[in-house]
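Residue numbers (this note's numbering), protein chains in the order written: chain D, 1 to 102; chain V, 1001 to 1102. Notes follow the structure.
Listed below in structure tokens is the structure:
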């Protein structure tokens, strides 16, 4: 499997991070990842179709929120908490601690 | 002029607020409004075409970030800071204090 592309921490954009978190499925994925060290796509998809979830992971990776690595035949995802925190101090916690209706 | 529609504070959605702030023009408008009590569309448009800016104001109103009222022949916009803060404590400051590249 080819390795996934990820932006450098210095390249992260506030607008792109906010856009990535403006969707309830992606917000769910990030909230889940904030509680674990890493998780497979299957553990994070909530039973949703693979095509839908693949798109959401791509948006999260391109925003710099999620790092995906190949591990044998599976993809392991983790939250880039240190990178996000260094670039946008306090932002992630301020968003993830909010209550949502969903 | 017809009054503009605005969602109640209880109807605000985190995803919609984040989406509204995921655009650099809208982020600029909100940052400007955070520094003043109220501003006309002309003071906030940065010389951009009216059609473009009207759309951005609509997104900001629908997210509950901006309140627009008619005052004679002009529209006066203000930030709904109290409503946003009561619904999503700490969120707005955590976003507006971030540095952007733009």
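Glycine included, each C-beta is placed from N, C-alpha and C at the ideal position. Given the structure is predicted, the values throughout are model-derived calculations rather than measurements.
With the criterion set as a beta carbon lying under 7 Å from some beta carbon of chain D, the members of the region 1018-1042 of chain V are 1018, 1019, 1021, 1022, 1023, 1024, 1027, in sequence order. Residue 36/D and residue 43/D have their C-alpha atoms roughly 11 Å apart. The DSSP-derived three-state label of residue 8/D is coil. Contact with chain V is absent for residue 8/D, since none of that chain's Cβ atoms lies less than 8 Å from the residue's Cβ. In this chain, the beta strand (DSSP E) harbouring residue 78/D covers 74-79. For residue 100/D, the C-beta contacts it makes with chain V under 9 Å involve 1013, 1014, 1015, in order along the chain. Between residue 21/D and residue 83/D, the C-beta spacing is not below 8 Å. Each of 80/D, 50/D, 33/D was checked against the Cα of residue 64/D, and the nearest Cα belongs to 80/D.
Residue environment: residue 87/D is assigned as buried (16 or more neighbouring CB atoms within 10 Å of its CB, all protein chains considered).
Contact with chain V is found for residue 95/D, since one of that chain's Cβ atoms lies less than 8 Å from the residue's Cβ.
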